[in-house]
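Just below is one structure, and these are the notes that go with it.
Numbering (the working numbering), first residue to last: 9 to 606.
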């Protein structure tokens, strides 16, 4: 049976098990990897007598399950480092009480494992590990998080800059994918690996697989890096050359706490706070040597929280936003942090910010190979600002902007193609100002009308250029603009008859910037000339920004219509909806202060 056929058929069986219960697919996966490890050890002299006594290969069903548990018990008694493997009754249950499909899947795994020679295990284990784990997490066959695609892991490893003889630490090991990525890309380097994983199941599967693949897993432990003793002298103060981490989401951290009993145990309170991704990152920084370097994933929304320590200490080297993936892999907006306690002289006092270049990609589209990893590692290596692709920001600028690390907050993706006279470096390092600082917000309102009598009512064919009406009143019905964002009033307004009362504050003026704020609506434009005898009213689903004289409204418009501006308005509209119409989020949108009149 070839590897491709086995993987295809085994995955099919796992999918069928998942339809019944994910715990069944997880049991089948653990059974497979345990058998793979036992098969490898059976070729080693140290374990020869164990497998002579418990000849499990060539058998299947309950007889094999009994022998597996006996062999594991003997191995653990001789080599306590295998104590992490849980075995008592686990494999016997499959063939005594487990559903028929689970037994079929495990029997099929037996038939594949029994045919493997030592050279097959050496040649095939890596491919099996990569394929089965990626597919299993993507398809929810395993309880996973928003796991990074293999391309992202490879990029993180390259950014980590591992060298011969270094020590590596991962405080959220998971299934060991990142450590394997380092091992795979540095096969000849003598590296020391250490890791910690909270989830017992992930720890078992990851450690079994990494031992099978040849990585020295003796320092991979089960435990929680966020549980801190009151007495800090109890801490093991191990420090490492490199730290690499894919921290779980806040929701997953809370799930771990409940699952492993870390929140409360009987009446004893163990942990009040579930923790956060920053908690993992700070723990990783604690474990870095003074010359150490760290690469971590982090959800982009977490970058808005103050990160004062790493900025003030000038440890942050780069923030790289990732495209969102389809399916389970990288389904959240995520970024890579590069933290370096020993930055090169030319990078001191500066941070490289790389914005998300694509909104959503399929990381596993074989027909269209993804070039993203090579591009971002090249940008990092060359340390270059590229218009609309990356920029270098001073730590003073970051501190002045509330220590936010979101690349969009620095107008990286603003575009501003019309500003030929402003260098990109000037743009990205410009101080940020809030919209409420540059103008007044006018709130649209619902208007009460009294229509003309049927005989007297006049409806113009083109609202601003039709029959002449004294005190003509028009309502801005939509925001239809030309390429530069100028609102075409002939297409955007409708005649409204007479009003009971017209408030001057509801009437638009030339150069007002109009923003639609209703969920699902879109449009940002600027008002052009309005005839002297005409009044154009702002509707209830729009907000107008009346820019103060010292600022250029067309420059403000250019930023609000850029990718950066659209993103900021989109987020603000969501906040406005959930806050019951409060404009705070819109008022606090930050733009680079390049809009002052020169």
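No residue lacks a Cβ here, since even glycine has one placed at the ideal position from N, Cα and C.
May I have the straight-line CA-CA distance separating residue 315 from residue 533, to the nearest angstrom?
-> 36 Å
May I ask you to report which of helix, strand or coil DSSP gives residue 187?
-> helix
Below 6 Å CB to CB, which residues in the same chain sit around residue 168 once its five sequence neighbours on both sides are set aside?
-> Taken in chain order, the residues that qualify are 250, 252, 303.
Taking only runs that begin and end inside the region 479-563, name each unbroken alpha helix (DSSP H) of 4 or more residues, in chain order.
-> 497-500
Excluding sequence positions up to five away, which residues of its chain have a Cβ less than 7 Å from the Cβ of residue 233?
-> 179, 204, 288, 291
Apart from the five residues just before and just after residue 26, which ones in its own chain have a Cβ nearer than 8 Å to its Cβ?
-> The residues are 32, 33, 147, 148, 149.
Integer-rounded CB distance, given that residue 114 should sit under 8 Å from residue 39 | 5 Å
Identify the residues that DSSP records as bridge partners of residue 399: which are they?
-> 361
Hey, how far is the Cα of residue 569 from the Cα of residue 184?
-> 43 Å
Whole runs of the alpha helix (DSSP H) within the region 39-126, excluding any shorter than 4 residues | 56-61, 70-86, 98-104, 108-121
Considering residue 226, what are the terminal residues of the alpha helix (DSSP H) in which it resides?
-> Neither: residue 226 is in no alpha helix (DSSP H) and is coded neither H nor E.
Can you name, in chain order, every residue of its own chain whose Cβ lies under 7 Å from the Cβ of residue 319, other than the five neighbours on each side?
-> 403, 406, 407, 411
Among 540, 220, 77, which one has its Cα closest to the Cα of residue 126?
-> 220
Could you tell me the boundaries of the beta strand (DSSP E) in which residue 439 lies?
-> Careful: residue 439 lies outside any beta strand (DSSP E) and carries neither H nor E.
Cβ shell of residue 544 (< 8 Å), same chain only, five flanking positions each side left out = The beta carbon of residue 544 lies closer than 8 Å to those of 482, 483, 484, 497, 501, 515, 516, 535, 538 in the same chain, with the five residues before and after it left out.
How is the beta strand (DSSP E) around residue 414 delimited, first residue to last?
-> Careful: residue 414 lies outside any beta strand (DSSP E) and carries neither H nor E.
Please name the residue, chosen from 499, 541, 37, that lies closest to residue 216 on a Cα-to-Cα basis.
-> 37
Return helix, strand or coil for residue 135, following the three-state DSSP convention.
-> helix
For residue 48, count neighbouring Cβ atoms within 10 angstroms of its own Cβ and tell me buried if that reaches 16, exposed if not.
-> Buried: at least 16 other Cβ atoms inside 10 Å.
Spell out the partners DSSP gives residue 608 in its beta bridges.
-> Since the displayed the chain opens at 9 and closes at 606, residue 608 lies outside it and no answer follows.
Close beta carbons around residue 308, own chain, < 7 Å, minus the five adjacent residues each side | 329, 341, 342, 343, 414
Straight-line Cα distance separating residue 13 from residue 428 = Legend: pLDDT at residue 428 = 49, less than 50; position of this residue unreliable, no value from coordinates given.
Going by the CB atoms, is the gap between residue 596 and residue 442 shorter than 7 Å?
-> In contact: residue 442 and residue 596 (Cβ atoms closer than 7 Å).
Residue 142 by DSSP, collapsed to three states: which one?
-> helix
Identify which residue in 547, 87, 573 has its Cα closest to the Cα of residue 226.
-> 87
In the structure shown, what three-state DSSP assignment does residue 174 receive?
-> coil
Cβ pair residue 66, residue 103 closer than 7 Å | no
Backbone CA spacing between residue 385 and residue 560 [nearest angstrom] | 38 Å
Starting from residue 342, follow its DSSP beta bridges and name the residues at the other end.
-> As a beta-bridge residue in DSSP terms, residue 342 pairs with 307, 330.
Helix, strand or coil at residue 157 [DSSP, three-state] | coil
Under a three-way DSSP split, which group does residue 151 fall into?
-> coil
Same chain only: Cβ atoms within 6 Å of residue 469, ignoring 5 sequence neighbours per side = Only weak support exists for where residue 469 lies, its pLDDT of 36 falling under 50; the value from the coordinates is given anyway. Cβ within range, chain order: n/a, list empty.
Tell me residue 598's beta-bridge partners as DSSP assigns them.
-> 442
Could you tell me the distance, in whole angstroms, from the CA atom of residue 577 to the CA atom of residue 299?
-> Those two C-alpha atoms are separated by around 41 Å.
State the start and end residues of the unbroken alpha helix (DSSP H) segment that holds residue 12.
-> 11-28
Assigned exposure category for residue 607 - 16 Cβ within 10 Å defines buried = In the structure as shown, the chain begins at 9 and stops at 606. Residue 607 is therefore absent and cannot be evaluated.
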